[in-house]
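The structure appears below as structure tokens.
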Amino acid sequence: MPDTEITVIIITRNRPEMLGECLGSVLASLPENIEILAGINGPDDRSLEILARFPRARAVPLPALCRGEARNAVAAKARGRRLCFLDDDTVIPEGYFTRLLSLIERNPDAAVFGGGQLLFSGAGFFERLVYLTLGSAWGAGPFTERFSPVRGTRAADREKFVLCNLTLDRFFLEKHGLAFEGHVTSAEENLLLNRMAAAGARMILSADLNLIHRRRKNLRHFIRQVFGSGRGRAQISFISPGSAVPFTFLPPLAACSFIAAFFLPGAVLAVLSGTYFAASLAFALNLDCGVRLKAAAAALFPALHGAYACGWLFGAAESVWEKFFRKGRPARCACQKNP
Numbered sequence: 235m236p237d238t239e240i241t242v243i244i245i246t247r248n249r250p251e252m253l254g255e256c257l258g259s260v261l262a263s264l265p266e267n268i269e270i271l272a273g274i275n276g277p278d279d280r281s282l283e284i285l286a287r288f289p290r291a292r293a294v295p296l297p298a299l300c301r302g303e304a305r306n307a308v309a310a311k312a313r314g315r316r317l318c319f320l321d322d323d324t325v326i327p328e329g330y331f332t333r334l335l336s337l338i339e340r341n342p343d344a345a346v347f348g349g350g351q352l353l354f355s356g357a358g359f360f361e362r363l364v365y366l367t368l369g370s371a372w373g374a375g376p377f378t379e380r381f382s383p384v385r386g387t388r389a390a391d392r393e394k395f396v397l398c399n400l401t402l403d404r405f406f407l408e409k410h411g412l413a414f415e416g417h418v419t420s421a422e423e424n425l426l427l428n429r430m431a432a433a434g435a436r437m438i439l440s441a442d443l444n445l446i447h448r449r450r451k452n453l454r455h456f457i458r459q460v461f462g463s464g465r466g467r468a469q470i471s472f473i474s475p476g477s478a479v480p481f482t483f484l485p486p487l488a489a490c491s492f493i494a495a496f497f498l499p500g501a502v503l504a505v506l507s508g509t510y511f512a513a514s515l516a517f518a519l520n521l522d523c524g525v526r527l528k529a530a531a532a533a534l535f536p537a538l539h540g541a542y543a544c545g546w547l548f549g550a551a552e553s554v555w556e557k558f559f560r561k562g563r564p565a566r567c568a569c570q571k572n573p
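First residue of the sequence shown? That's 235 in my numbering, and the numbers climb one at a time after it.
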């Protein structure tokens with residue numbers, strides 16, 4: 235293998251405690267032929283102080299870029315062929331990179347590797363609640379493996395992978411002229427994976443790469459994250475309509491149905507609402523947890539679906555506005571203001 239087989243890329247800002255825990259777990263059993271690049275995405279002295287404690291990790295200061303631009307900027311400085319993207323709120327189990335190197339050796343033609351997510355051992359009530367709801371078919375549909383542990387090792391579809399646990403072949407990206415889409419709120423990895431799949435990329439999903447991912451600790455932060463996810467999905471659907479996944483349209487379509495029902499006889503809205511809340515309760519009762527968590531999940535499902543739908547509709551509206559009224563660089567982010 236080359237001197238630098240893998241480059242670990244972490245984008246962070248203003249989460250120094252989580253960054254320190256992440257780096258500590260990464261370095262606990264890191265092979266010599268792996269480098270670590272941490273993109274500090276904007277002014278953040280505390281994260282720089284944390285990085286100073288880990289000499290093997292190299293800081294890459296960035297001028298508060300959007301997510302896609304930030305990852306592209308750090309990836310451009312990588313020496314490794316494989317780019318391992320982790321979030322600063324992940325914790326890496328012992329032996330993760332040894333197993334990743336083994337998977338690469340057994341699948342040298344694969345361009346994508348990824349795994350699932352494990353619950354943090356010190357997770358509080360709300361973190362456990364989010365983990366359960368996103369791991370439910372009612373919470374994430376066909377994408378549940380993105381938010382729960384993966385079993386076994388197999389070739390997988392592009393939508394099974396999540397950016398907090400994603401390794402890409404830099405040579406494949408360069409050969410096909412691919413990179414993360416810029417100026418999108420979220421879901422930039424989904425658009426890139428769609429394009430990689432269209433270019434013939436082979437993708438491997440494995441339980442060997444399951445890692446621990448911290449969840450949002452309160453409802454406000456969770457709603458903001460889900461809203462951003464819906465907004466990003468709408469943005470990439472307008473950028474590349476042919477690669478959009480039909481399931482991602484269901485929450486906004488359901489929201490529009492409820493809005494339309496207000497202008498129809500009252501019985502229509504009652505039936506729609508009754509059916510939806512009954513389904514939410516049924517899925518909540520089917521979760522493998524205590525009564526208190528089941529009750530909270532029944533209430534969180536509507537918040538999850540509603541926040542995603544609102545984000546998607548907002549992203550769609552701004553995409554239409556930009557298409558017809560604003561040419562050139564989009565107005566949906568602030569990173570274009572940076573030199």
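Just so you know, even glycine gets a beta-carbon here, dropped at the ideal spot from N, CA and C.
- Task: Could you pull the start and end residues of the beta strand (DSSP E) that P295 belongs to?
- Result: Sequence index remark: in the sequence shown, residue 295 carries index 61 (1-based). Segment A291 to L296, the beta strand (DSSP E) holding P295.
- Query: DSSP state of G545, grouped into three classes?
  - Reply: For the purposes of this step, residue 545 is taken as residue 311 along the sequence shown, with counting starting at 1. Helix.
- Residue environment, G524, which counts as buried when at least 16 other CB atoms sit within 10 Å: Counted from its first residue, the sequence shown places residue 524 at position 290. So G524 ends up on the exposed side.
- Per DSSP, Q459 forms a beta bridge with which residues? If you number the sequence shown from 1, residue 459 lands on position 225. Beta-bridge analysis with DSSP links Q459 to no other residue.
- Task: Measure the C-alpha to C-alpha separation of N306 and A532 and round it to an integer number of angstroms.
- Result: The count along the sequence shown starts at 1 and reaches residue 306 at position 72. The count along the sequence shown starts at 1 and reaches residue 532 at position 298. For N306 and A532, the distance between alpha carbons rounds to 39 Å.
- Task: Compare the C-alpha of E393 against each of G302, L402 and T378 and name the closest.
- Result: Taking the first residue of the sequence shown as position 1, residue 393 is located at position 159. Ranking G302, L402 and T378 by Cα distance to E393 puts T378 first.
- Message: Quick check on DSSP: helix, strand or coil for T419?
- Response: Position 185 of the sequence shown, counting from 1, holds the residue named residue 419. Reduced to three states, the DSSP call for T419 is coil.
- Whose C-beta lies closer than 8 Å to the C-beta of E255 among residues of the same chain, with five residues either side of it excluded? To locate residue 255, count along the sequence shown from 1; it is residue 21. Around E255: V325.
- Query: How long is the line joining the alpha carbons of S477 and S471, rounded to whole angstroms?
  - Reply: Residue 477 sits at position 243 when you count from the first residue of the sequence shown. Residue 471 sits at position 237 when you count from the first residue of the sequence shown. One C-alpha to the other measures close to 7 Å.
- Just to confirm, are L317 and A390 a CB contact at a threshold of 8 Å? Here residue 317 is taken as the residue at index 83 of the sequence shown, counted from 1. Here residue 390 is taken as the residue at index 156 of the sequence shown, counted from 1. In this structure, A390 does not lie closer than 8 Å to L317 by Cβ.
- Message: Among F461, R290 and I274, whose alpha-carbon lies nearest the alpha-carbon of N575?
- Response: Any question about residue 575 goes unanswered here, given that the chain covers just 235 to 573.
- Task: Find the nearest neighbour of R385 within the set L400, G348, E408 and L412, judged by alpha-carbon distance.
- Result: For the purposes of this step, residue 385 is identified with residue 151 of the sequence shown, where counting begins at 1. Looking at the Cα atoms, G348 is the closest of the given residues.
- Item | Proximity of W546 and A468 at Cβ, strictly below 8 Å | As a first step, residue 546 must be located in the sequence shown, where it is residue number 312. As a first step, residue 468 must be located in the sequence shown, where it is residue number 234. For W546 and A468, yes; Cβs fall inside 8 Å.
- Comparing alpha-carbon positions, which option in S420, P297 and S382 lies nearest R458? As a position in the sequence shown, residue 458 is number 224, starting the count at 1. Taking only the C-alpha atoms, the option nearest R458 is S420.
- Alpha carbon of T401 to alpha carbon of R465, nearest angstrom: Along the sequence shown, one-based indexing puts residue 401 at 167. Along the sequence shown, one-based indexing puts residue 465 at 231. Approximately 24 Å, taken between the alpha carbons.
- Message: Assess contact between the segment 403-416 and the segment 286-304, defined as three or more Cβ pairs (one per stretch) separated by less than 8 Å. Is contact present?
- Response: yes
- Keeping to the same chain, check which residues put their C-beta closer than 8 Å to that of F461; ignore five residues upstream and five downstream. Taking the first residue of the sequence shown as 1, we reach residue 461 at position 227. So the qualifying residues of the chain are A541, Y542, C544, G545 and F548.
- What does DSSP give as the partner residues of Q469 in its beta bridges? For the purposes of this step, residue 469 is taken as residue 235 along the sequence shown, with counting starting at 1. Beta-bridge pairing links Q469 to no other residue.
- Message: Taking the alpha carbon of A293 as the reference point, which residue from P486, L253, F331 and A374 has its own alpha carbon closest?
- Response: Here residue 293 corresponds to residue number 59 of the sequence shown, with the count starting at 1. Checked all of P486, L253, F331 and A374; the closest Cα to A293 is L253.
- Answer yes or no: do L257 and G273 have a C-beta to C-beta separation smaller than 8 Å? Locating residue 257 in the sequence shown gives position 23, counting from the first residue. Locating residue 273 in the sequence shown gives position 39, counting from the first residue. Against a cut-off of 8 Å, the Cβ pair of G273 and L257 comes out as no contact.
- Task: Leaving out five residues on either side along the sequence, give the residues of the same chain with a beta carbon under 7 Å from the beta carbon of L398.
- Result: Numbered from its first residue, the sequence shown carries residue 398 at position 164. Rather than Leu, the amino acid found at residue 398 in this sequence is Cys. Once the five neighbours on either side are set aside, the close Cβ partners of C398 are L320, D321, T324 and H447.
- From N572 to P277, what does the alpha carbon distance come to, in whole angstroms? Here residue 572 refers to the residue found at position 338 of the sequence shown. Here residue 277 refers to the residue found at position 43 of the sequence shown. Confidence at N572 is low in this model, with a pLDDT of 49, below 50, so the placement of that residue should be treated as unreliable; the coordinate-derived value is given next. Answer to the nearest angstrom: the Cα atoms are 13 Å apart.
- Using a Cβ-Cβ cut-off of 7 Å (strictly less than) and excluding sequence neighbours within five positions of S382, which residues of its own chain qualify? Numbered from its first residue, the sequence shown carries residue 382 at position 148. Hits under 7 Å: G350, Q351 and G369.
- Item | Neighbour-count burial assignment, E251, 16 or more Cβ in a 10 Å radius | Indexing the sequence shown from 1 puts residue 251 at position 17. Taking a 10 Å sphere around the C-beta of E251, we find fewer than 16 other C-beta atoms and assign the residue as exposed.
- Item | beta strand (DSSP E) segment containing I284, residue limits | Within the sequence shown, the letter at position 50 stands for residue 284. Careful: I284 lies outside any beta strand (DSSP E), inside the alpha helix (DSSP H) at D279 to L285.
- Cβ of L264 within 8 Å of Cβ of I243? Residue 264 sits at position 30 when you count from the first residue of the sequence shown. Residue 243 sits at position 9 when you count from the first residue of the sequence shown. Against a cut-off of 8 Å, the Cβ pair of I243 and L264 comes out as no contact.
- Item | Where the alpha helix (DSSP H) containing A357 begins and where it ends | One-based indexing of the sequence shown puts residue 357 at position 123. From DSSP, A357 is part of no alpha helix (DSSP H); its letter is neither H nor E.
- Taking the Cβ atom as the reference point for each residue, do F406 and M437 lie within a distance shorter than 8 Å? For the purposes of this step, residue 406 is taken as the residue at position 172 of the sequence shown. For the purposes of this step, residue 437 is taken as the residue at position 203 of the sequence shown. No. Outside cutoff.
- Counted within 10 angstroms of its Cβ, other Cβ atoms place N452 as buried (16 or more) or exposed: Reading the sequence shown from its first residue, position 218 is the one you call residue 452. Exposed is the call here.
- Sequence-distant residues of the same chain with beta carbon closer than 7 Å to S463, five excluded per side: Residue 463 sits at position 229 when you count from the first residue of the sequence shown. The beta carbon of S463 sits closer than 7 Å to those of S420, A421, Y542 and G545, all from its chain and outside the five residues before and after it, given in chain order.
- Message: Buried or exposed, going by whether 16 or more other CB atoms sit within 10 Å of the CB of D522?
- Response: Within the sequence shown, numbered from 1, the residue matching residue 522 stands at position 288. Under this definition D522 is an exposed residue.
- For N275, the three-state DSSP class (helix, strand or coil): Numbered from its first residue, the sequence shown carries residue 275 at position 41. Reduced to three states, the DSSP call for N275 is strand.
- Task: Compare the C-alpha of P480 against each of P376, A310 and F354 and name the closest.
- Result: As a first step, residue 480 is located in the sequence shown; it is residue number 246 there, counting from the start. Looking at P376, A310 and F354, the one whose alpha-carbon comes closest to that of P480 is P376.
- Task: Identify, in the order they occur along the chain, each residue of the same chain with its Cβ nearer than 6 Å to the Cβ of V502, setting aside the five sequence neighbours on each side.
- Result: The residue given as residue 502 occupies position 268 in the sequence shown. Cβ within range, chain order: A495.
- How big is the Cα-Cα spacing for D442 and R315? On the sequence shown, residue 442 is found 208 positions in, with the first residue counted as 1. On the sequence shown, residue 315 is found 81 positions in, with the first residue counted as 1. Going by the C-alpha atoms only, they are around 20 Å apart.
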